[in-house]
Amino acid sequence: MSTTIDVPESSSVAKGKAPLVAAPRDVKGGGYNKGIAIFDFILRLGAIIAALAAAATMGTSDETLPFFTQFFQFQASYDDLPTFQFFIIAMGIVAGYLVLSLPFSIVCIVRPHAVGPRVLLLILDTVALTLTTAAGGAAAAIVYLAHNGNSSTNWLAICNQFGDFCQKVSGSVVASFVTVVVLVFLVVLSGFALRRQ
């Protein structure tokens, strides 16, 4: 003796319609945001290299004029000027931040729709951009004075005597402005990515 229970078919299946299934999350723009995140990561690596190059070049800028005795020499070094000391500290902070931001950039690659990490990167990139611009601008003013002097204040141009020193500090200022340009691109990319959310 067997008992069977008849179960009526669902009305949607009986009429030939597909059963209702939860639609997958809309992934519109997922590839676009992932491409932005990968480009963001590559730009961060470039900014790290530029910031470290700026700090290292400034930190090794030192020249002593050879034609004086051992007890009486003219020397030019970055630590003679507080502006250059600030420059090295600021570029070190920016390089350190950029290294620490790499994991958040990787999260944005893995999860292109994640808003939290992208907003955090946007805010901190803006702070790093401000710090880099301040340090680069201040150092550029001193480098200008070193090259041209200022006759109204009797500041003499020293680059005629300290050529290697001026070449190094000028190169480090250029590297800092490369970092500024890359940080501007990072901020713009984060803005585009957030707009596509």
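So in full-length UniProt numbering, spot 144 of the sequence shown is number 144, and the numbers just go up one at a time.
Every residue, glycine too, gets a C-beta built ideally from N, C-alpha and C.
Taking 8 angstroms as the limit between beta carbons, can you name the residues of its chain near residue i, skipping five residues before and five after?
{"i": "Phe39", "result": "Leu189"}
{"i": "Ile88", "result": "Ala55, Met58, Gly59, Tyr78"}
Can the beta-carbon of residue i be found closer than 8 angstroms to that of residue j?
{"i": "Leu129", "j": "Leu183", "result": "yes"}
{"i": "residue 206", "j": "Thr179", "result": "Within the shown structure, residues of the chain are numbered from 1 to 197, placing residue 206 beyond reach of any answer."}
{"i": "Ile123", "j": "Phe41", "result": "no"}
{"i": "Cys166", "j": "Ala146", "result": "yes"}
{"i": "Ala51", "j": "Ala95", "result": "yes"}
Go ahead and label residue i buried or exposed: buried means 16 or more other beta carbons lie within 10 angstroms of its beta carbon, across all protein chains shown.
{"i": "Asp125", "result": "buried"}
{"i": "Arg25", "result": "Residue confidence is low: Arg25 scores 46 on pLDDT, short of 50, so the model does not pin down where it sits. Its coordinate-derived value is still stated next. Exposed is the call here."}
{"i": "Ser172", "result": "buried"}
{"i": "Val127", "result": "exposed"}
{"i": "Ser152", "result": "exposed"}
{"i": "Leu100", "result": "exposed"}
{"i": "Leu98", "result": "buried"}
{"i": "Phe192", "result": "exposed"}
Leaving out five residues before and five after residue i in sequence, what residues of the same chain have Cβ atoms less than 6 angstroms from its Cβ?
{"i": "Ala53", "result": "Ala175"}
Excluding the 5 residues flanking residue i on each side, which residues of the same chain have their C-beta closer than 7 angstroms to its C-beta?
{"i": "Ala135", "result": "Phe86, Phe87, Ala90, Met91, Ser176"}
{"i": "residue 205", "result": "This structure gives no information on residue 205, because the portion of the chain shown stretches from 1 to 197."}
{"i": "Gly149", "result": "Trp155, Leu156, Ala157"}
For this session: Pick out the complete alpha helix (DSSP H) segments inside the UniProt domain "Casparian strip membrane protein" (34–182), 4 residues or longer, and give them in chain order.
Result: 82–110, 116–148
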